[in-house]
Amino acid sequence: MGIERKKGKSIKLIILCMTAMLMLSACGNRPTNEEQVLAVFEEQKELVCKKIADYNAGDEVEWDDLEGVIQVYTYSDGVIEFRCIAYGILTASVEAGFYYSPDDEPDNITGWLHGELVEDGDGYSYSDGTDNRYYTKRICENFYYYTVAN
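Once you know that position 8 of the sequence shown is 7 in numbering that gives the first Met the number 0, the rest is easy, because the numbers rise by one and skip nothing.
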């Protein structure tokens, strides 16, 4: 009976360890902010383009039905921002999304980080010398991914 108990405990321990490993490995498989934003964009690209065309034609547009988009901002220069991710507070926050650029040029849409964008890998970035950082890169014609961290 003692050997059977030890086998039972060993099997339970093995199952517990395997479950823990599976749970930990699942944590590492989360999509990045960029992957999440690009998925939102790709799934709704046609609808986004139609809404932008309607908006540019002067029509009243409801942006609330875009899944995965938290908020939409329209700017006087024709840029339209689609915020998909926002977490943290004040000096420890991250935002990510995509934006429409009518002239197909990268834009610093933060409104509070003022400076010139410089080439950075596949995209462009700006930092004010602190931990405040803005990064943007082209998705396709007229559309750019962005992330802001501070």
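From the three backbone atoms N, C-alpha and C, an ideal C-beta is built for every residue, glycine too. Predicted, not measured: the structure shown is a model, and the values here were computed from it.
Non-local beta-carbon contacts of residue 53 in its own chain, meaning distances under 8 Å to residues more than five positions away in sequence, involve 60 in chain order.
Restricting attention to 65, 49, 81 and 143, the CA atom closest to the CA of residue 71 is found in 81. Annotated as proximal: residue 138 and residue 97, with beta-carbon spacing under 9 Å. Residue 66 has its alpha-carbon roughly 24 Å from the corresponding atom of residue 105.
Excluding sequence positions up to five before and after residue 100, its CB lies within less than 7 Å of the CB of 78, 106, 141 and 143, all in the same chain and listed in chain order. Of all alpha-carbon atoms in 83, 102 and 129, the one lying nearest the alpha-carbon of residue 76 is that of 102.
When DSSP states are grouped into helix, strand and coil, residue 134 belongs to the strand group. With respect to the 9 Å criterion, residue 125 and residue 136 are not classified as neighbours on the basis of their beta carbons. DSSP, reduced to helix, strand and coil, places residue 95 within a strand of the structure shown. Beta-carbon to beta-carbon, residue 62 and residue 44 are separated by about 15 Å, too far to satisfy the 8 Å threshold. In the DSSP annotation of this structure, the continuous segment of the alpha helix (DSSP H) that includes residue 54 starts and ends at 32-55. Here DSSP, grouped into helix, strand and coil, assigns residue 147 to strand.
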